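Take a look at the structure below.
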Amino acid sequence: MKRKFWSLVSLALVLALLLSACGPKATPAPKSIKIAILGPLTGANATFGASNRDGALMAFEEWNAKGGVLGMQIEWVLGDSQCDPKAGADAAKKAIDEDKVKYICGAVCSSESIPISQYANEKHVVQVSGTSTNPKVTVDDAGKVKPFTFRVCFIDPFQGLVMAKFALNNLKAKTAAVVLDVGNDYIKGLAEFFKQAFEAGGGKVVVWESFVKEDTDFSAILAKVKDANPDVFFIPAYYDKVNLIGAQAKQKGIKAALLGGDGWDSADLDRTAADGGYFSNHYSPEDTRPMVVDFVARYKAKYGTVPDALAALGYDAALAILNGIKAAGVDDPDKVAKAIETVKFEGVSGMITFDPLHNPIKSAAILHVTGGAVKFEASVAP
Amino acid sequence: MKKSRFRFLGQSALFWLAVLAVFLVAEWIVMPRMTEFRKVGWIIFPCIMAVIAMGLNLIYGFNGQFSLGQWGFYAIGAYAAADVTYRFAARVTYPVQGIVFRLPPVLQRVIPMAQVELFHFDAGKSALLLGAVLFGGLLAGLISLGFGYIVLLRLGSDYFGIATLGFTVMVQVLLINSDRVLPETKGARGMIGIPQMTSFFWAFIFLIVVVVVMRNIIYSSVGRAVMSVREDEVAAQAMGIDTLRYKVMSFVVGSLFAGLAGGLYAHLYAFLSPLYFDFVKSFDPMIIIVFGGLGNMTGTIIATFLWALTVEGLRIWLPQGFEAWRFVVYPIALLLLMLFRQQGLLGRRELGFLRAPKWPLRKTVAEPIPEAAEAGAPKEGR
Amino acid sequence: MQKTLGRFTLFLRRRWYIALILVLVLLWLLNHARQNPQLFAQFVVDGLRLGFVYALVALGYTMVYGIVRLINFAHGDVFMIGAFTAYYASTRWHWSLIPTMLLAMVVCSFLAVVIERVAYKPLREAPRIAALITAIGVSFFLEYFTALDFVFTPNFISFTPLPIKFQSWDVAGITVSNIMFIVIGVSTFFLVLLYYIVYRTKLGKAMRAVAWDKPTARLMGIDVDWVISFTFALGAALAGVGGMLYVIVYPQVRTFLGVMPGLKSFIAAVFGGIGSIPGAFVGALSIGMIENLCGAYLSSTLRDLIVFAILIAVLLYKPTGLFGETAKEKA
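Residue numbers (this note's numbering), protein chains in the order written: chain A, 432 to 813; chain B, 680 to 1061; chain C, 302 to 632.
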């Protein structure tokens, strides 16, 4: 009986070794362009990943219907990065090493895009992010631009400035409370940019409280906010935390207007918890530009819902990659990266061109949460 | 044939040759056929986990102290080592050219590389890595000495486990707030920019050293004392064994191993996040040693590799869309194991090199020395 | 009560440095209270609300440990299932508060009994580590299985609409809400009910007997298996109520909901003396208060650190917790 057990164990081990030896064989010349779509498909920010994927897929399928790019069809691979640095790095590794992609459309959150960009740059894989807004995604700590990483959205210094100006000028706010997640580059960065701009404009940040991703109980923080009685309450978090904080804030009777960033943009944003709030975003589905109207109609026909900014930007990021490949003329990430630097096209969210830091110059839309819906409020140009 | 008296670290020449052989087979024959993702997840990372598991086995399997603190020391070792290399990596470099052998095509069927390089490494960076990892281990050891001594004085079994669980959580919280004191660790946002220096060589070396040290400890009077504490503390004390001393000793040694493993881990993924070192994951090494058999060194090593294969392998083998099922399969396997084979895979049996050495047995009846008997007879000769 | 207070003062008098630390902390708190009394009162009230929710869960941990010496790691996930049940009952079928609560209790009790019969009972004679690993396995399974798309969801869902309409009042500068009263009221009701069951009924006597000495209880004619299952069910019912209350106060459901509250409640149970029912209650209220005051006056990110440091300090001086039984186990 024991012998049998041992032979089974050794068999398992040998099999394991053999299986690993059955690695990738020499790959023949690829017949399709492989692109990975990375984003949080499950977890706290699942709508982000789903929208990003849907937008990108629409772009890929449309181009495939017109013959693909460079005569080859586009093949895609999905990865779930869960808006987390480690999961993002793992998903990128799997896509690059196992699935052998050469281009990445994603990721969504800056906290996952930063480690992904490190790995992608090492492995010479082009990465175009739709919605990662933190400056460190395209520029490393030493200040050098990462040659293979781009984004098609504005960056947080601009976003923080937009919301600060809106608070100071439109809402006539003098004091603000800020609550931020210390574990997230995007949230922390946006909070700091807002604070800088708000105080530069004469305002005063009276409450500055940090929390961690796992926190659900905000009573202590909110009691402090209520006590300080600020004019506005800036919550630059993702929609899942905004739902929690907003609901608890309403429970506490906090009357200050809630402000936020593009992390609010989700169908799962609790409209009652965030009622009366304003947030900055990359586009508004109510925009009357023909490109937008057309996109919204096609997206609605395909998926049945109105596209949010993440879908629009996923679409634009995909377009950036495809246009870059077309301009370069070859399926070679080094050349495509160079090509993308000079590419110029009209995306759903605006005209896409890249500055020396691989960021586009775009304007922001401010959306207002009221009456159970999200409505367009204003547009702010850089 | 007389056995050679050559001993290094207490082991014979044959042993070290076998180690070298395993290393070369893995490094030249198995690993070049694997993708980066599999290499790291199936071979290098399990070596690191095995070190932690061996440490925990010493603390719990052999000494009977239920500790959940391994993960906390793992974190300490990781961050300490990462901090050292982060500061100095750019400055130390001393490349050594080594010897390069071009491989004839015949050999290339087995060793799928164009050439093998011997002693081609960067002496400066290697020394830095070694120093950093040792530093991480020593720091973990020192902290465990302080903490262990205070806690083991008063607490036993379950409560000790709870205290160590508390330690792990406290370490995590401290690391989340670490950017207030050490800004390069970036606190909860995760430390990036750590040089990726852990290769199979380092993980393997540390694993072998830990295995040898463990074996030498266990099969000595120290080891016997340690095990006696597990079996019956009162009886051990009655036999004159200072139980506190051995409890602290095993705790420190086990935690030191965890610290070393942490140092290696930090340089494996080049990214560290305190959210990875949460208490839920601190059960992983516990699960591994129970899986392999408590107090069984070979079992631990085999179990670590099987565990890694399951968790990482399932990620690849499950069809796309079903990746989430691997965390459903894993606990079911665990449950089945506990229900049907509680003593773990190997129970108490050790294999091969880790078997208990055959000490020479004293004969129970003293035999008369032949010469004396002969000399005695003629002398007697009456 | 007198005796405990007496023992405590004696303890303080012997170790003057602890008394000093306690006095300093108290003074620091009182200073803050003096500066802004309404805010301080608000913090205390919120802390109590949190503590009552923890108490419901902590009782489950303490009862199960008392009776089978098992740390039931899956308890936090039973709590999560209760929360999800409340969410679905309230949002899909629009049930009101009491029916939702009853449903959560029933579902959780049933689940706990199933878990006990399938996973824990076969291991009752096995070494404790096996049962512990099994508990961990069950916990993982519940968390990840419910995260599959066809079961619950891997995402974070906002709990709207709540089964009760929210109302709040300002009392002397402090905000109190109907939810808070419901939490405190429901928790107190169940705590009193539990106390009654355990200390005033024959069933409770059987439970205490089994906790004290299983073989002898069997000899006395008690159906030990049934009593153990009932204990699990009772603890789980309370956890179900706790789950419902938790997601009403913090309206977001997700499958990993139970991890942190489970840990905190477990710590609370240990702090108060695991195996002791009043201990779990006191421990939970204390932990809730400490957590909130810490988040208030120190930093939200350092909360867990302080809670665990206090726990370890208490354990060092009284290894079995505040109200714990004096160490019965073999040295």
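Even glycine gets a Cβ: it sits at the ideal position worked out from N, Cα and C.
Remember, it's a predicted structure, so these values are computed and weren't measured experimentally.
Any C-beta of chain C under 8 Å from that of residue i
i: G978(B); result: no
i: F1006(B); result: yes
i: M918(B); result: no
i: T564(A); result: no
Helix, strand or coil at residue i [DSSP, three-state]
i: S410(C); result: helix
i: Y773(B); result: coil
i: Y534(A); result: strand
i: W695(A); result: helix
i: C453(A); result: Summary for C453(A): the model assigns pLDDT 43, below 50, so the residue's position carries little reliability; its value from the coordinates is reported in the next sentence. Note: C453(A) maps to coil in three-state DSSP.
i: Y513(A); result: First, the residue type needs correcting, since residue 513(A) is Gln and not Tyr in the sequence shown. It is coil, neither helix nor strand.
i: L813(B); result: helix
i: F807(A); result: strand
i: E777(A); result: strand
i: W655(C); result: As displayed, chain C neither begins before 302 nor continues past 632, which places residue 655(C) out of reach and without an answer.
i: A467(A); result: strand
i: I814(A); result: Any answer about residue 814(A) is impossible in this case: the structure gives chain A only from 432 up to 813.
i: V656(A); result: helix
i: R781(B); result: strand
i: S746(B); result: coil
Cutoff 8 Å: residue i Cβ touching any chain B Cβ
i: E623(A); result: no
i: V571(C); result: yes
i: A534(C); result: no
i: T454(C); result: no
i: P423(C); result: yes
i: A512(C); result: no
Supposed contact pair residue j and residue i - C-beta distance, whole angstroms, cut 8 Å
i: M876(B); j: K804(B); result: 6 Å
i: F353(C); j: G559(C); result: Actually they are not in contact, since the Cβ atoms of F353(C) and G559(C) sit about 17 Å apart, beyond 8 Å.
i: Q590(A); j: D693(A); result: 7 Å
i: F665(A); j: F625(A); result: 6 Å
i: P661(A); j: A598(A); result: Wrong, their Cβ atoms sit about 10 Å apart, outside the cutoff.
i: G971(B); j: I613(C); result: The Cβ separation is near 30 Å, so there is no contact.
i: G614(A); j: V656(A); result: Contact doesn't hold; Cβ gap of about 20 Å is too wide.
i: P953(B); j: L854(B); result: 4 Å
i: S391(C); j: L328(C); result: Wrong, their Cβ atoms sit about 45 Å apart, outside the cutoff.
i: T976(B); j: M733(B); result: Looking at the sequence shown, residue 976(B) is not Thr but Met. Contact holds; Cβ gap of about 7 Å.
i: G474(A); j: N456(C); result: 7 Å
Cross-strand partners of residue i (DSSP beta bridge)
i: N712(A); result: A796(A)
i: A607(A); result: V636(A), V663(A)
i: I368(C); result: Answer is none; I368(C) lacks a bridge partner.
i: W470(C); result: V477(C)
i: T580(A); result: Q558(A)
i: Q504(A); result: S463(A)
i: S459(C); result: Q553(C)
Distance CB(residue i)-CB(residue j) smaller than 8 Å
i: P725(B); j: A915(B); result: no
i: S746(B); j: G840(B); result: yes
i: A595(A); j: A628(A); result: yes
i: S482(A); j: G745(A); result: yes
i: W507(A); j: I535(A); result: no
i: M747(A); j: V779(A); result: A quick correction: the sequence has Asp, not Met, at residue 747(A). Contact: yes.
i: S512(A); j: P578(A); result: no
i: V663(A); j: L602(A); result: yes
i: V539(A); j: I466(A); result: no
i: L340(C); j: D658(A); result: yes
i: G756(B); j: G938(B); result: yes
i: F585(A); j: T569(A); result: no
i: Y709(A); j: I797(A); result: yes
Chain A within 8 Å of residue i, Cβ atoms only
i: L328(C); result: no
i: L492(C); result: no
i: G596(C); result: yes
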